[in-house]
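Student: In my numbering, the protein residues as written are 141 to 477.
Here a beta-carbon is modelled for each residue, glycine too, at the ideal position from N, C-alpha and C.
Quick caveat: nothing in here was measured; it's all calculated off a predicted structure.
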């Protein structure tokens, strides 16, 4: 039969907008095909509670600036956003974002209206999108079975099985941070339970164990504890060991369940894992089935602090990759001679 038409738009003339809403920061980027960041914006986000209007205002302004900077003839073919909570895929509603109180917030529709591009905003869970990004662009390229663990105030996860994201019946699957690992004397979790993975290894646990809960928080606080542990501070070292031990329990369960080729640590766990690796490895050696631990590798993200932003970019391009001819026809202005 006749060979298929190959469509190869230029990276700088066809782009997607990617947004990332984390606990402490807001990111926006104009991204070309292949994941290349062409331009970006960043702002600090305060931990002030329900702030949908503020978040949408900042991101929409960033988006309009990025579109204006693209130049004449450039076309936005999709918009993707990452949010640290449970997302209803059908309409981009944040059903539950416990750390900042977002419940049934119409994030996707509100951001789409603020951007005014005539495009929907596809919204995904940050850890799910992080797993996709690591699989396509990061440490998990050419790896079809991997687990991505993302640390922030809490802990999220994404699982790739057979090259596909495992996200459950309605998109709320793989909430790895709420896997029960310490049922007897576990720390309280915002979900209402005790002893969840995120309660035992998240930011509050590490800073609390290190006696730093009244000092720096967020990435700066985590990095300070890790640096102190490396410099020989006994309390910081003990805190990192305790978190590493519980992290190891969680990783053991995941390896035994899914037999991944790779486990990737991102977010604040990217900073924690190198110092906690001996405890994590000790748990794996003691409790993972020998046949499942023979080949499994553990690594930190290869995308630095942009893993979830890169995942949002993949979401932005999903429509184009599914139906390139129609999307390009709709979004690309005709060339003038």
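If contact is defined by three or more beta carbon pairs under 8 Å, each pair taking one atom from either stretch, is the region 273-289 in contact with the region 256-264?
Tutor: Flag = no, the region 256-264 and the region 273-289 do not touch.
Student: Which parts of the region 436-468 are runs of the beta strand (DSSP E), unbroken and 3 residues or longer, counting only runs that do not cross its ends?
Tutor: As far as the region 436-468 is concerned, its whole beta strand (DSSP E) runs of at least 3 residues are 437-440.
Student: I'd like the ranges of any alpha helix (DSSP H) spanning at least 4 consecutive residues and lying wholly in the region 293-354.
Tutor: Within the region 293-354, the complete alpha helix (DSSP H) runs of at least 4 residues are 337-341 and 343-349.
Student: Quick one: complete beta strand (DSSP E) runs, 3+ long, within the region 217-299?
Tutor: Fully enclosed beta strand (DSSP E) runs of 3 or longer: 226-228, 233-237, 242-245, 261-265 and 286-291.
Student: Roughly how many whole angstroms lie between the Cα atoms of residue 175 and residue 458?
Tutor: Roughly 12 Å separates the two Cα atoms.
Student: Give me the Cα-Cα distance between residue 154 and residue 302, rounded to the nearest whole angstrom.
Tutor: Their backbone Cα atoms lie some 30 Å apart in a straight line.
Student: In three-state terms, what does DSSP make of residue 211?
Tutor: It is coil, neither helix nor strand.
Student: I'd like the list of long-range same chain contacts for residue 372, defined as Cβ closer than 8 Å, with 5 residues on each side in sequence excluded.
Tutor: If we look at residue 372 and ignore the five residues flanking it on each side, it has no Cβ neighbours.
Student: State buried or exposed for residue 230, treating a residue as buried only when at least 16 other CB atoms are found within 10 Å of its CB.
Tutor: Exposed, because fewer than 16 other Cβ atoms sit within 10 Å of the Cβ of residue 230.
Student: Using only the alpha-carbon positions, how far apart do residue 250 and residue 196 sit?
Tutor: Looking at the two C-alpha atoms, the distance is approximately 7 Å.
Student: How big is the Cα-Cα spacing for residue 220 and residue 393?
Tutor: Rounded to the nearest angstrom, the two C-alpha atoms are 32 Å apart.
Student: Using 10 angstroms around the beta-carbon of residue 324, count the other beta-carbons present and answer buried if the total reaches 16, otherwise exposed.
Tutor: Exposed, by the Cβ-count rule.
Student: Buried or exposed for residue 184, please, with buried defined as at least 16 other CB atoms from any protein chain shown within 10 angstroms of its CB.
Tutor: By the neighbour-count rule (16 or more Cβ atoms within 10 Å), residue 184 is not buried but exposed.
Student: To which residues does DSSP link residue 181 through a beta bridge?
Tutor: Beta-bridge pairing links residue 181 to 168.
Student: So, residue 316 versus residue 348, is the Cβ gap smaller than 8 Å?
Tutor: Their beta carbons are not under 8 Å apart, which means residue 316 does not touch residue 348 by this criterion.
Student: Taking a contact to mean a Cβ-Cβ separation below 8 Å, would you say residue 168 touches residue 206 in this structure?
Tutor: A contact, by the Cβ cut-off of 8 Å.
Student: Rounding to the nearest angstrom, what Cα-Cα distance links residue 238 and residue 330 in this structure?
Tutor: Going from the Cα of residue 238 to the Cα of residue 330 covers about 7 Å.
Student: For the region 420-427 against the region 381-390, are there 3 or more C-beta pairs whose distance is under 8 Å?
Tutor: With a cut-off of 8 Å, the region 381-390 and the region 420-427 count as touching, because enough Cβ pairs lie within range.
Student: Based on DSSP bridge pairs, tell me the residues matched to residue 160.
Tutor: Bridge partners of residue 160: 167 and 222.
Student: Span of the beta strand (DSSP E) holding residue 403?
Tutor: Note, residue 403: beta strand (DSSP E), 402-407.
Student: Measure the Cβ-Cβ separation of residue 406 and residue 264 and say whether it is below 8 Å.
Tutor: Not a contact, by the Cβ cut-off of 8 Å.
Student: State the DSSP-derived secondary structure class of residue 428, mapped to helix, strand or coil.
Tutor: Reduced to three states, the DSSP call for residue 428 is coil.
Student: Give the straight-line distance between the Cα atoms of residue 369 and residue 267, rounded to the nearest whole angstrom.
Tutor: C-alpha separation (whole angstroms): 27 Å.
Student: Return yes when the Cβ of residue 299 is within less than 8 Å of the Cβ of residue 284, no when it is not.
Tutor: The answer is no: Cβ separation not under 8 Å.
Student: Would you call residue 233 buried or exposed, if buried means 16 or more other Cβ atoms sit within 10 Å of its Cβ?
Tutor: Its Cβ being crowded by 16 or more others within 10 Å, residue 233 is buried.
Student: Can the beta-carbon of residue 379 be found closer than 8 Å to that of residue 346?
Tutor: It is a contact, given that the beta carbons lie within the stated cut-off.
Student: In the DSSP output, which residue or residues are listed as bridge partners for residue 154?
Tutor: According to DSSP, residue 154 bridges with 215.
Student: Taking the alpha-carbon positions, what's the residue 439 to residue 212 distance?
Tutor: Cα to Cα, residue 439 sits roughly 42 Å from residue 212.
Student: Mind reading off the beta-carbon distance from residue 321 to residue 306? Whole number of angstroms is fine, and I expect it under 8 Å.
Tutor: That pair is no contact at about 20 Å.
Student: What is the DSSP secondary structure of residue 360, counted as helix, strand or coil?
Tutor: If DSSP states are grouped into helix, strand and coil, residue 360 belongs with the helices.
Student: For the alpha helix (DSSP H) containing residue 173, list its first residue and its last residue.
Tutor: Careful: residue 173 lies outside any alpha helix (DSSP H) and carries neither H nor E.
Student: From this set, 444, 401, 350 and 292, which residue's C-alpha is nearest residue 432's C-alpha?
Tutor: Among 444, 401, 350 and 292, the Cα nearest to that of residue 432 belongs to 401.
Student: Under 8 Å by Cβ, that's how I've got residue 291 and residue 412 pegged, so tell me the actual separation to the nearest angstrom.
Tutor: About 7 Å; that satisfies the 8 Å criterion.
Student: For a quick check, are the C-beta atoms of residue 236 and residue 225 less than 8 Å apart?
Tutor: Result yes, Cβ atoms of residue 236 and residue 225 sit closer than 8 Å.
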